[in-house]
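Asks: Here the sequence shown stands for residues 742 to 1210, where the numbers follow my numbering. Note that the Cβ used here is the ideal one computed from N, Cα and C, for glycine as well. Being a predicted model, the structure only gives us computed values, none of them experimental. Next up is a structure, given as structure tokens.
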Amino acid sequence: MIHGKKVVFYELNEVPRRILVDYTKANPNSALAQIFQQSAFYETVTEDKGHLSPWVTWPTLHRGVTNEKHLIQNFGQDLSEVNKEYPAYTELLSRQGVKVGVFGSLHTYPLPEDVSRYAFYVPDTFANGSECFPDSLSCFQDFNLKMVDSSGRNVSKGLNIKAALPFLVKAPMLGVQLDTVYRLAKQVAEEKTTPSRVVRRRTSQMQLAFDLFMKQLYKHKPDLSTFFTNHVASSMHRYWPAKYPEDFKDLELTPEWYNIYNEEIDFTMQEADRQLSKILTFVKQNKDYVLLVASSMGQAAVDRSAAVKTQLLISDLDKFMETIGVSRDQWHSRRAMVPMYMVVIDEEVSELARLNLEKLHINNTPIEFADLGNNVFQIFFQVENPDKEKLSISLDGQTISLSNIGLEIIDIEDESGSYAYHIPEGILLVFDPNQPPASSDHGTLSTTAIAPAMLANFDIKAPTYMVKI
């Protein structure tokens, strides 16, 4: 694949071949088109079993083993044991003296014990703390995490000034560019005239993050750097029908909905393209680098017809936990992606909580939850378009009101469901500015082969549990 090269690894979450091909055909002069035309291309396949999610498939790519071994199911798990048994390739490289920079890659919290070995280290947006290396980046992460907390199923239209101010004061020093400030100002202005554009705020945080990443990349020029972005994946889930209406039959969406959201996937791809153009410039200026663009899996349309106008969610986690027998001082939450909730419950009441969760029913159906071990529980709500008049909630046969259990039916601002969902096939592009155009399809590649390939690139022997390459 590559050998003896420094690497910039752009982790473009969940983008499949179809999106890549369609975008580059429509934008033949784009940076992404140039990269695609001149790269070795692989269609990756994740071999994970069961439900596919990025918090499962990225650990597979990073660690070189499938979920049958790494057993990572979600955010919030205690990773201390798996980090010892199957460490990420970035950690293995760092231990061998390779200078590594990490920015936003999944499951990168908490910081490594000896984080000073890294050029820079910014954990993912589901971290349970704002610690970064260098510490100057922590003000951004604090702001970033608070914005994530405020935007669950719907995008928050507000701004946490208290969290934003320390970051904004340091933003120019940290690398925020004037063109990004312009884009953010334009975003706010467009929301005034076109309120539906608020959904593009999901991209705004990533625009700021990328500027900080590029500042660190130019400053340290590490042997390997990673940058993770979920902004295209988020858009594909919600707006796939607006781009590919032919993939659906009898979808209960209005012509107005299609007109409002038919450019959203293209908008997010344009932002990815803008970022890749900047990395492309860096790689061309620094000939000892190659650029890798990858997704750990892809997306495709799913068969559903209903527009999601409302959804049942937990609005008061304190009340919900109290209902299942856990007082406020006996649990704490960990970040997860709504409608998923992660809580860590004190051991003395974890069994009681588990039993009560088993007895909790919505419309006579048990709620979905999982005991992830070490008293970590994952609670999942997938009740869409509930009929408030007919909604029934009960615990051990006893009826409970919505307000008493801390649940609420909320309006979904863009009426979007998950119209596209995860498939095993993703992408890998390998761009080397020193090589003639590779423009060839190299077939399929298991994502478990990427970690040992990265180790081999730096002449480091892969652990025996990884696949041979």
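Among Gly791, Ile1020 and His972, which one has its Cα closest to the Cα of Lys956?
Replies: Checking every option, the nearest Cα to that of Lys956 belongs to Ile1020.
Asks: Can you name, in chain order, every residue of its own chain whose Cβ lies under 8 Å from the Cβ of Lys746, other than the five neighbours on each side?
Replies: Only Asp1029, Tyr1030, Val1031, Asp1173 and Asn1198 meet the Cβ criterion.
Asks: The ligand MG heavy atoms versus the CB of Leu1021: any closer than 6 Å?
Replies: The model on display carries no ligand, and the ligand MG is accordingly not part of it.
Asks: Where do the N-terminal and C-terminal ends of the alpha helix (DSSP H) with Tyr923 fall, by residue?
Replies: Per DSSP, Tyr923 belongs to the alpha helix (DSSP H) from Leu919 to Thr934.
Asks: Is there contact here, the region 1192 to 1206 with the region 781 to 797, by at least three beta-carbon pairs under 8 Å?
Replies: No: the two stretches stay apart, fewer than three of their Cβ pairs being nearer than 8 Å.
Asks: Please report how far the alpha carbon of Ile1151 lies from the alpha carbon of Leu1054, in whole angstroms.
Replies: For Ile1151 and Leu1054, the distance between alpha carbons rounds to 7 Å.
Asks: At what residues does the alpha helix (DSSP H) containing Tyr830 begin and finish?
Replies: Its alpha helix (DSSP H) spans residues Tyr830 to Arg836.
Asks: Out of curiosity, what's the CA-to-CA distance linking Asp1182 and Ile1191?
Replies: Cα to Cα, Asp1182 sits roughly 17 Å from Ile1191.
Asks: Contact check, Asp1014 vs Leu773 under 8 Å by CB: the rounded distance?
Replies: Their Cβ separation, rounded to whole angstroms, is 5 Å, which keeps Asp1014 and Leu773 in contact under 8 Å.
Asks: Any idea what DSSP makes of Ala1212, helix, strand or coil?
Replies: Because the chain spans 742 through 1210 in this model, residue 1212 falls outside it and cannot be assessed.
Asks: When you compare each of Val1049, Leu1143, Leu1132 and Ala1048 to Thr1064 by their alpha carbons, which one comes out closest?
Replies: Out of Val1049, Leu1143, Leu1132 and Ala1048, Leu1143 has the C-alpha closest to the C-alpha of Thr1064.
Asks: Can you name the start and end residues of the alpha helix (DSSP H) that Ala1161 belongs to?
Replies: Counting along the chain, Ala1161 falls outside any alpha helix (DSSP H), though it belongs to the beta strand (DSSP E) covering Ala1161 to Ile1164.
Asks: Note down, in chain order, each residue of its chain lying with its Cβ closer than 6 Å to the Cβ of Ile1164, except the 5 sequence neighbours on either side.
Replies: Same-chain partners within the cutoff: Gly1039 and Ala1041.
Asks: Report yes if the CB atom of Thr1009 is closer than 7 Å to the CB atom of Val973, and no otherwise.
Replies: Yes; because the gap between Cβ atoms is below 7 Å, this pair is in contact.
Asks: Let me know if Ala983 comes out buried or exposed under the rule of 16 or more other beta-carbons within 10 Å of its beta-carbon.
Replies: Answer is buried; the Cβ neighbour count reaches 16.
Asks: Give every residue of the same chain whose Cβ lies closer than 8 Å to the Cβ of Leu753, excluding the five residues on either side of it in the sequence, and list them in chain order.
Replies: Excluding sequence neighbours, Leu753 sits near Thr970, Val973, Ala1013, Val1034, Ala1035, Ser1036 and Ile1168.
Asks: Which residues bound the alpha helix (DSSP H) around Val1031?
Replies: Element bounds for Val1031: not the alpha helix (DSSP H) but the beta strand (DSSP E), Tyr1030 to Ala1035.
Asks: Suppose contacts are defined by Cβ-Cβ distances below 7 Å. Is Cys880 in contact with Lys911 by that definition?
Replies: Yes, these two residues count as a Cβ contact at 7 Å.
Asks: Assuming the contact rule is C-beta atoms closer than 8 Å, Ala950 and Phe844 should be a hit. Round their C-beta distance to whole Å, please.
Replies: Correct: roughly 7 Å between the Cβ atoms.
Asks: Alpha carbons only, please: which of Thr1140, Ser1091, Ile1108 and Asn1104 is nearest the one belonging to Val1117?
Replies: Here the closest residue by C-alpha is Ser1091.
Asks: Rounded to a whole number of angstroms, what is the C-alpha to C-alpha distance between Asn885 and Asp964?
Replies: Rounded to whole angstroms, Asn885 to Asp964 spans 26 Å at the Cα level.
Asks: Helix, strand or coil, according to DSSP, for Val1208 in the structure here?
Replies: Of the three classes helix, strand and coil, the one that applies to Val1208 here is coil, per DSSP.
Asks: Would you tell me roughly how many angstroms separate the C-alpha atoms of Gln1139 and Ser1133, rounded to the nearest one?
Replies: So the alpha carbons of these two residues sit roughly 10 Å apart.
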